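Data block below; observations after.
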Amino acid sequence: MSDKGRIFLIVVAAAVVLGGGAIWWAFQQITKTPQTFIVGQQFVDHLVAGEYEQAQDLMSAEFQDESDLAAIEAIVQNQPELFTSETVLNLTGRGFWNELRYAYGTIEAGDADSPVYMEFVDEGGATKLSYMSFDEEDIPVNGEQQMPKAYIVGEAFIEALARKDIDAAIALSIPEFQTPEALASMEAFVEGEAEFFNDATEVTFTDKGRDGDLRYAYGTIDADGALTPVYMEFMDTEDGEPQVSFITLNEEDIPEYVNR
Numbered sequence: 199m200s201d202k203g204r205i206f207l208i209v210v211a212a213a214v215v216l217g218g219g220a221i222w223w224a225f226q227q228i229t230k231t232p233q234t235f236i237v238g239q240q241f242v243d244h245l246v247a248g249e250y251e252q253a254q255d256l257m258s259a260e261f262q263d264e265s266d267l268a269a270i271e272a273i274v275q276n277q278p279e280l281f282t283s284e285t286v287l288n289l290t291g292r293g294f295w296n297e298l299r300y301a302y303g304t305i306e307a308g309d310a311d312s313p314v315y316m317e318f319v320d321e322g323g324a325t326k327l328s329y330m331s332f333d334e335e336d337i338p339v340n341g342e343q344q345m346p347k348a349y350i351v352g353e354a355f356i357e358a359l360a361r362k363d364i365d366a367a368i369a370l371s372i373p374e375f376q377t378p379e380a381l382a383s384m385e386a387f388v389e390g391e392a393e394f395f396n397d398a399t400e401v402t403f404t405d406k407g408r409d410g411d412l413r414y415a416y417g418t419i420d421a422d423g424a425l426t427p428v429y430m431e432f433m434d435t436e437d438g439e440p441q442v443s444f445i446t447l448n449e450e451d452i453p454e455y456v457n458r
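Note that the sequence shown covers residues 199 to 458 in our numbering.
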């Protein structure tokens, strides 16, 4: 065989070896357990073991500021049936939104089960948990995150106030608000905050959550440059649909646990 032939075979062999290595590296990356899944599992494991300080170490700095050890322990106390020696976390989906990553699936323990949704951020090169929810509506559908029901009802309620359709707003409220007295009170509320309820009104919600049977949503109303915070509370009907039970534009009335 000529020297040129030997050189050609050596080059081909090297390419096969390198190519195989590249394929193996790519396969490893595809099959590697996502870091969000790993951190999510570690967090749940710590909750099950009652290791709340270790669980807190896996949280982002902002999440730690919002949640002391008592708040972390409350996650377990509010759903004790989900955190037992039988607990299994099944994260089956993941994605990202800008710098945010998320994972979702189910958490099971014996006969108890619940959807679970987690958000993560990178801090100092480490993946940190920044949000956790057991609310099914947080789970993305076909890869797309859903608009929270509280946001949908809240927007419809504020839009009704903006066009002075008080009857429509009352219809979105709890039964206790659907009275002549409540109607008059709502009309007075809109008149007293007229600069925020008009044709230019736009609402943007940025935080939501639950406190027992109560849902809440927080955001900002912008009416052609006139800005105000808005905080709303909701109670669910038997069908799980939220109805407005409280609204305020007063910063002092907004609970401390709300993420502003």
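Just so you know, even glycine gets a beta-carbon here, dropped at the ideal spot from N, CA and C. All values reported here derive from a predicted model rather than from experimental measurement.
Along the length of the segment 359–434, whole beta strand (DSSP E) runs at least 3 residues long occupy 399–409, 412–421, 424–434, reported in chain order. In this structure, F395 sits away from A358, with a CB-CB distance that is not shorter than 7 Å. Under the 10 Å beta carbon count, D397 is surrounded by fewer than 16 other beta carbons and is classified as exposed. With fewer than 16 neighbouring CB atoms inside 10 Å of its own CB, V286 falls in the exposed class. Residue pairing of R458 in beta bridges, as defined by DSSP: absent, with no partner found.
Leaving aside the five residues that flank T325 on each side, the residues in its chain whose CB is nearer than 7 Å to its CB run, in chain order, Q233, T234, V237, F318. When L280, D266, Y455 are compared, the shortest CA-CA separation from V242 is found for L280. By the neighbour-count definition (other C-beta atoms within 10 Å, threshold 16), S258 is a buried residue. Straight through space, the alpha carbons of D255 and M384 are spaced by roughly 46 Å. DSSP lists Y300, Y329 as the bridge partner or partners of E317. With 16 or more other Cβ atoms from the protein chains shown falling within 10 Å of its own Cβ, E431 counts as buried. DSSP places G238 inside the alpha helix (DSSP H), whose first and last residues are 233–247.
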